[in-house]
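Participant: Chains as they are written, first to last, in the working numbering: chain A, -7 to 379; chain B, -7 to 379. Take this structure, written in structure tokens, and hold onto it; I'll ask about it next.
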């Protein structure tokens, strides 16, 4: 299979590219390095040093003999997208190429506008490129469980059978996203569903939980193949951030009471989910949605898990929640699609958490401690960023 | 009341500004004249000549002594929006300032991107301006019934009480829009609901039906106060287009079987709905949705109504539907919100239709006949436009 990974230089895009390449797929990577520029803007960096994309792909080729073709450019440039899709001629496009931080989207107006423009227009260009070049290309699009919010009913996989006044219809699951970033993903999903309907495109929308972990069997073959490990309050995902706070002797900062419950998934399962979705594509015209998680945990439970695993004293601190979200709520997410395709989950284990501590220890001198505290306030229209 | 009308130079924005000014409100108008530039691009023009905005407002002031302040600029320029909102200090912002044609948004990739960029980013800037300048400003936002599509259940006013697996929640009504334009409005609605939730903004989202008619008690006071009358296949709304086709002796072009049913509303009711929503604002934090129509009709019924009213022979022609839409479907739209605020509808009458014929007759030499036929194909990613 020929797979084009959009955002293939990022935290998950890069390990996905390696996982697919390792499995025998011909892989191409598209990236504009916007994620690296956000680091410059925020004055932070991945805890684990990451190599330039050209070094990464060269090391991979040396080790495996497998080539990963790279295309540098921005998805908001529609002509570029058409050109790349035409030249690479993929069977599958895996789309990670979006601004992926909720707090980043909530910094101020400019960041909200950037996020929605970058994500919605980029995705629209991808849809047009597929429709123009080859409508049989399967789009595997990364969404997030955060699109659903925390409804008081079970969260189904994208669609809901609705009964109302004695009549029924199968409708898109009503969403209540929690940031302008999450909203951009909801907009994307609507645009994709429409493209499937009018052009007969085939798409799988993956509503992913919070990812934890930093290593896959491929990234550990050489330190230069490492993927990002983000710890800052803007781009760090919560479980990874807790691990880093534990090692640094900082209190684990739980927003509000920590009763917020979220779906989570191991990075090794993420890359395998992408592969499974690619191997078993949606039908022409089908807008297929999978919830991509392996278990649900409250933020408090995540903190406790990290604190218990750490060989030393760890303080858990409840800080004022900078977000606007319920911290006591019903949460039950259906996920049968990916398991039915063969996913065998790595559930969150003490072993996994313990494996992260030495990674952090090795790079602890790289941490900018001021970047750990939340600076972006959902209720405010302009946040003061600490550099 | 101080009301700022965004898109106040357009087909409905202008009569709304006059209706509010006539009722004693202090009215400001914001426009970038993008709608006029679309005419240049398409090589068409309003059937009825329209004056430049400065002439329109000058005539209104001469006739009534009432001043309408004007602000020329683009809503995608966020600083401009903040500046205008700060200077005018409105109680209510009525937001018509979006690209409003479904076919225009489906011309090709550039037009889809323009539509979603223009509408979504412009609206986002309006939300930020309200939140920054004065969160008590009531946003009255124009949406469209086309956001809902044609579900097999009753269409409620924006929200739906969902029961699922024995649990319940009140959720946004699931939508299935029919074009990239309609999608942009769905994206707007999601962004607005979120802004109400996190910033406590107050908003009324008006999901409007197909508007017909061209005159209001204010626009008829002087020919220079006239609003647009669009007849082309891109910007003309279906009932107005049928009237024009009848006068020109062209067959009324019904897309497909004409079984598509749509909500419709008289232009005089549109402007009154806006006034009613403004006088009775949403509560702080409330995202209120009204369906803005007065009756539902199939496209075939609309054609028949026009043909019956016309004093002469009119042919009705079923042409291949350029859109992707069901032409046999259930359609039942709830609309109780605006009637409960006091709306007394003008239902579609033979008298109204008859009043349009002489207007068309007077300006028949201005018609570009080639612009009447549909040139934008939903299934194609790039349409050939006739100029």
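Note that CB positions come from ideal geometry on N, CA and C, so glycine has one too.
1) Just the C-alpha distance for residue 99 of chain B and residue 12 of chain A, rounded to the nearest angstrom, thanks.
2) Between which two residues does the beta strand (DSSP E) holding residue 156 of chain B run?
3) Pick from B:37, B:120, B:109, B:42: whose alpha carbon is nearest that of residue 72 of chain B?
4) Which value, in whole angstroms, describes the spacing of the CA atoms of residue 274 of chain B and residue 194 of chain B?
5) In angstroms with no decimal places, state the Cα-to-Cα distance between residue 134 of chain B and residue 89 of chain B.
6) Buried or exposed for residue 156 of chain A, going by 16 or more other Cβ atoms inside 10 Å?
7) Is the region 242 to 253 of chain A in contact with the region 47 to 67 of chain A, if contact means three or more CB pairs nearer than 8 Å?
8) Can you give me the Cβ contacts of residue 123 of chain A inside the same chain, cut-off strictly under 7 Å, excluding the 5 residues immediately before and after it?
9) Mind listing which residues of the region 181 to 200 of chain B have their C-beta closer than 8 Å to chain A's C-betas, in chain order?
10) Assuming residue 65 of chain A and residue 22 of chain A form a contact by the criterion Cβ under 8 Å, report the distance between their Cβ atoms to the nearest whole angstrom.
11) Check whether chain B comes within 7 Å of residue 123 of chain A, counting only Cβ atoms and requiring the distance to be less than that.
12) Any Cβ of chain B within less than 7 Å of the Cβ of residue 370 of chain A?
13) Count the other CB atoms within 10 Å of the CB of residue 103 of chain A; is the residue buried (16 or more) or exposed (fewer)?
14) Just to confirm, are residue 236 of chain A and residue 352 of chain A a CB contact at a threshold of 7 Å?
15) So, is the C-beta of residue 145 of chain B closer than 7 Å to a C-beta in chain A?
16) Taking only the alpha-carbon atoms, compute the straight-line gap between residue 378 of chain A and residue 130 of chain A and give it to the nearest angstrom.
17) Please report the residue range of the alpha helix (DSSP H) in which residue 183 of chain A lies.
18) Distance, Cα to Cα, residue 228 of chain A vs residue 5 of chain B?
19) From B:203, B:209, B:215, pick the residue whose C-alpha is nearest to that of residue 222 of chain B; which is it?
20) Helix or strand or just coil, what does DSSP make of residue 378 of chain A?
21) In whole angstroms, what is the alpha-carbon distance linking residue -7 of chain B and residue 16 of chain B?
22) Counting only runs of 3+ residues fully inside the region 299 to 353 of chain A, write out the beta strand (DSSP E) ranges in chain order.
23) Under 7 Å, Cβ to Cβ, is there at least one residue of chain B near residue 159 of chain A?
24) Output yes if chain B places a C-beta closer than 7 Å to the C-beta of residue 175 of chain A; else output no.
25) Hey, is the region 140 to 150 of chain B in contact with the region 209 to 217 of chain B, meaning 3+ C-beta pairs nearer than 8 Å?
26) Check the Cβ-Cβ distances between residue 163 of chain B and every residue of chain A, and say whether any is below 7 Å.
27) Is there at least one Cβ from chain A nearer than 7 Å to residue 323 of chain B's Cβ?
28) Quick check on the burial criterion: 16 or more other C-beta atoms within 10 angstroms. Buried or exposed for residue 403 of chain B?
29) Quick check on the DSSP output: what are the complete alpha helix (DSSP H) runs of length 4 or more inside the region 36 to 68 of chain A, in order along the chain?
30) Please confirm if residue 82 of chain A has its CB atom under 7 Å from at least one CB of chain B.
31) On the criterion of 16 or more Cβ atoms from any shown chain inside 10 Å, does residue 162 of chain A qualify as buried, or is it exposed?
32) So, for residue 301 of chain B: in the same chain, excluding its five sequence neighbours on each side, which residues have a beta-carbon less than 7 Å away from its beta-carbon?
33) Please state the DSSP three-state secondary structure of residue 167 of chain A.
34) Kindly indicate if chain A contains any beta-carbon less than 7 Å away from that of residue 354 of chain B.
Facilitator: Taking the definition as stated:
1) 37 Å
2) 151 to 156
3) B:120
4) 5 Å
5) 9 Å
6) buried
7) no
8) 187, 191, 193
9) Flagged, chain order: 182, 183, 185, 186, 189, 190, 191.
10) About 7 Å; that satisfies the 8 Å criterion.
11) yes
12) yes
13) buried
14) yes
15) yes
16) A caution first: residue 378 of chain A carries a pLDDT of 43, below 50, which makes its placement in the model unreliable, though a value can still be read off. If you take the alpha carbons of residue 378 of chain A and residue 130 of chain A, they lie about 41 Å apart.
17) 172 to 191
18) 45 Å
19) B:203
20) Residue placement at residue 378 of chain A is poorly supported in this model, since its pLDDT is 43, which falls under 50; the coordinates are not used for a value here.
21) 8 Å
22) 308 to 311
23) yes
24) yes
25) No, because fewer than three Cβ pairs between the region 140 to 150 of chain B and the region 209 to 217 of chain B fall closer than 8 Å, the two stretches do not touch.
26) yes
27) no
28) This structure gives no information on residue 403 of chain B, because the portion of chain B shown stretches from -7 to 379.
29) 45 to 56
30) no
31) exposed
32) Contacts found: 342, 345, 346.
33) coil
34) no
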